[in-house]
Structures are given as structure tokens and as C-alpha cells.
Amino acid sequence: MGKKRITQLINRLKDNQEQDIKNAASIFTVAQIAVEELEQQGMDDSGAQKDTPYFSLPLEHPLINKTELLRRYGSHLGCRKAAKLQGIKFTRTPSWNKLVAAFQHLESINALVRQYINQQDLPVDNIHITIELSKLVGDNVISC
């Protein structure tokens, strides 16, 4: 590899690092603003904490692992079909670890949604929630 090509690659690497720093700074700024707004929403006019219901994931939801998925769906293919029916999408054929993670996310999100619906006394008939989780790299996409 020639000196010119190495210099080009080093310059491209430096540009990428600068862009990464800018992106990280942007993400931090957005997160900080969101945290500040959430903190302000949690305070009443006198600066005291409002009595706002917080929703947390219940700890008693069932543990999902490969054995549990095999018990429920019978095979890797059966598990993939069940995932597809429940709206879980993958860009490639998922490993068992990715299937387990996807079903754990699905269970947790469903538990949180059920808790919110129950506490808000909302009619269950008209609710449709779509949540998409994706890796930054884009290796797989999990939608619930």
C-alpha cells in the first residue's frame, strides 16, 4: 500500500472520529434536555415533587430462556414462526441468544403496557402500540 493511500485512510479515520464525537455530543445534548424536561414535569409550581405514578417493569414476569422457548414452540423454526406472528423481525436467521433476547424484550414491554393500561383505566379494545428496538449497527431489528 502506497504512502498516498495510507494518508487517505488516516484522514478518513480522523474524519470518522470527528463525526463520532459530534454524534456523541448531539446524543448527550438531547438526552440531557430530555432528563431536564422530565425532572421539570415531575415538579409542581412550588418545586416539590409531584405524586406522579411511575411505571416499572414487574419483577415477577416469567424467565425466558432457550429451554422455555423450546417447551413453548417445540423447535428453532417454531420459535421463529411464533416470533414472526408476534411482530418480532430479524434481518437474518436469529441465533437462540437473539430469540431469547427478543422474547424477553417482548414480555417486558407487554408487562409494562398492561401495567400502564390497568393504572390508567384505559379501554383495551382501541390500543395498538408499536415499539421498534434496533441496534446501532443494524445487525437485527426487534419490533413489538
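Using this note's numbering, read the sequence shown as starting at 393 and increasing by one per residue. Idealized CB from N, CA, C, for every residue including glycine.
Decide if residue 494 is buried, meaning its Cβ has at least 16 other Cβ atoms within 10 Å, or exposed. One-based indexing of the sequence shown puts residue 494 at position 102. Classification of residue 494: buried, given that the 10 Å Cβ count is 16 or more.
Inter-residue spacing [alpha-carbon to alpha-carbon] between residue 433 and residue 425: In the sequence shown, residue 433 corresponds to position 41, counting from 1. In the sequence shown, residue 425 corresponds to position 33, counting from 1. Computed Cα separation, rounded: 12 Å.
Rounded straight-line distance, which links the Cα of residue 410 to that of residue 528: Indexing the sequence shown from 1 puts residue 528 at position 136. Indexing the sequence shown from 1 puts residue 410 at position 18. A caution first: residue 528 carries a pLDDT of 49, below 50, which makes its placement in the model unreliable, though a value can still be read off. Residue 528 and residue 410: Cα-Cα distance of roughly 18 Å.
Going by beta-carbon coordinates alone, are residue 475 and residue 482 separated by less than 9 Å? Numbered from its first residue, the sequence shown carries residue 475 at position 83. Numbered from its first residue, the sequence shown carries residue 482 at position 90. A Cβ-Cβ contact shorter than 9 Å links residue 475 with residue 482.
Report, in whole angstroms, the separation of the C-beta atoms of residue 491 and residue 471, which I expect to be a contact under 8 Å. Indexing the sequence shown from 1 puts residue 491 at position 99. Indexing the sequence shown from 1 puts residue 471 at position 79. Contact flag correct, Cβ pair sits at about 5 Å.
Pick out whichever of 466, 420, 421 and 461 has its Cα sitting closest to the Cα of residue 489. Taking the first residue of the sequence shown as position 1, residue 489 is located at position 97. For residue 489, the closest alpha carbon among the candidates 466, 420, 421 and 461 is that of 461.
Which word fits residue 480, buried or exposed, when buried means at least 16 other C-beta atoms lie within 10 angstroms of its C-beta? Translated into the one-based positions of the sequence shown, residue 480 becomes position 88. So residue 480 ends up on the buried side.
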